[in-house]
Amino acid sequence: MNILCPVCKKILNGSDKIYSCKNRHSFDIAKEGYLNLNLKNSQNTGDNTEMIRARKAFLEKGYYDFLRQEINKYINENDGLVDLACGEGYYTSFFKAKDKIGIDLSKTGLRIASKADKTTTYLLCSIFHDPLQDKSADVILTIFAPIAKEEIVRILKDDGIFILVKPDKGHLYELKEKIYEHPYYNEVEDINIDGLTLCKEIPISRKTLVKKEDLNNLFMMTPYYNTTSINDKEKLKDLNDLSISFSFLIDIYRKEVV
Numbered sequence: 001m002n003i004l005c006p007v008c009k010k011i012l013n014g015s016d017k018i019y020s021c022k023n024r025h026s027f028d029i030a031k032e033g034y035l036n037l038n039l040k041n042s043q044n045t046g047d048n049t050e051m052i053r054a055r056k057a058f059l060e061k062g063y064y065d066f067l068r069q070e071i072n073k074y075i076n077e078n079d080g081l082v083d084l085a086c087g088e089g090y091y092t093s094f095f096k097a098k099d100k101i102g103i104d105l106s107k108t109g110l111r112i113a114s115k116a117d118k119t120t121t122y123l124l125c126s127i128f129h130d131p132l133q134d135k136s137a138d139v140i141l142t143i144f145a146p147i148a149k150e151e152i153v154r155i156l157k158d159d160g161i162f163i164l165v166k167p168d169k170g171h172l173y174e175l176k177e178k179i180y181e182h183p184y185y186n187e188v189e190d191i192n193i194d195g196l197t198l199c200k201e202i203p204i205s206r207k208t209l210v211k212k213e214d215l216n217n218l219f220m221m222t223p224y225y226n227t228t229s230i231n232d233k234e235k236l237k238d239l240n241d242l243s244i245s246f247s248f249l250i251d252i253y254r255k256e257v258v
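Position one of the sequence shown corresponds to residue 1 (my numbering), numbered consecutively onward.
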């Protein structure tokens, strides 16, 4: 898959330290290995460092391995794969596609990803303005992240697939029971994307004993963390090992051939 210059949209060619286009726009490869194509050049955006470190620590314990193994069933070794909002590369690095690109706006996440995974090209830029050619990807992933609908349709090949992973209604319910006075089930939204057809929805769940030392990291990597009161967060300290439902929906879309 060709990477395009974010300034003039010409193809970028890379060396060990820099990518440049024929119009002489150039972009640096960070020492960790990711390519910085963020024209806004902000200090750090995307998920914050605290969340990324918590997520990395939790995922390294293997709690979500069953999820990425299930996703992998829908990825072919000959595919060109793009992971939109790849974070620290936990999922991206696992897949065996021939050509992999991970995109995120978090420098912290991409530092971790690109240092550990040399099988993927990691790009620092917005998933809503990604630097890839039209109809260049066989498979696009979005896992627990906003959906860049227009970009997905643009860069996906005809008959290519888009894999969306989202929490199911019972995801983490037991943890919510311990923290909130009025626990609630997740709302599950049906996502319609013009130009794509939803072919299959795969529910996948597992109830797992989560160790006490991992509960805080689990909670910190969720969207609930920033909206939860300090008093409720403090309840985590009093919890022991807890059996928790990990429940997900894997939606498989296919791009319509026009």
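Cβ atoms here follow ideal geometry from the backbone N, Cα and C, with glycine treated the same way.
Check, Outcome
"In or out: Gly89 buried (at least 16 other Cβ within 10 Å) or exposed?", "buried"
"If you compare alpha carbons, which of Ile140, Glu174 and Leu236 is closest to Asp158?", "Ile140"
"Leaving out five residues before and five after Thr121 in sequence, what residues of the same chain have Cβ atoms less than 6 Å from its Cβ?", "Ile101"
"Please report the distance separating the alpha-carbon of Leu84 from that of Gly195.", "18 Å"
"Could you pull out every residue in the same chain whose Cβ sits closer than 7 Å to the Cβ of Leu37, ignoring the five residues on either side in sequence?", "Pro6, Phe27, Leu123, Leu124, Cys125 and Pro131"
"Could you tell me which whole alpha helix (DSSP H) segments of length 4 or greater appear in the region 44–77?", "49–59 and 65–72"
"Could you work out which residue in Ile3, Gly33 and Lys10 is closest to Asp16 when comparing CA atoms only?", "Gly33"
"Where Leu242 and Ile250 are concerned, what is the direct C-alpha to C-alpha distance, given to the nearest angstrom?", "25 Å"
"Going along the chain, which unbroken runs of the beta strand (DSSP E) with 3 or more residues stay wholly within the region 77–149?", "80–84, 99–104, 121–124 and 137–143"
"Just to confirm my understanding: we take Lys211, look at its own chain, exclude 5 residues before and 5 after, and list those with CB closer than 8 Å. What are they?", "Lys61 and Asp241"
"Looking at the strands, I want to know which residues DSSP matches up with Val165.", "Ile143 and Ile250"
"Helix, strand or coil, according to DSSP, for Arg154 in the structure here?", "helix"
"Roughly how far, in whole angstroms, is the beta-carbon of Lys235 from the beta-carbon of Lys176, given that I think they are within contact range, below 8 Å?", "No, Lys235 and Lys176 are not in contact; Cβ-Cβ is about 11 Å, not under 8 Å."
"Are the beta-carbon atoms of Phe246 and His171 separated by less than 8 Å?", "yes"
"Would you kindly report the start and end of the unbroken alpha helix (DSSP H) that includes Glu174?", "Tyr173 to Ile179"
"For Ser205, which beta-bridge partners are listed by DSSP?", "Ser247"
"Where does Tyr19 sit, in a helix, a strand or coil, going by DSSP?", "strand"
"Keeping to the same chain, check which residues put their C-beta closer than 7 Å to that of Ser20; ignore five residues upstream and five downstream.", "Leu12, Asn13 and Ser26"
"Between which residues of its own chain and Gly160 is the CB-CB distance below 7 Å, once the five residues before and five after are set aside?", "Ala137, Asp138, Val139 and Lys255"
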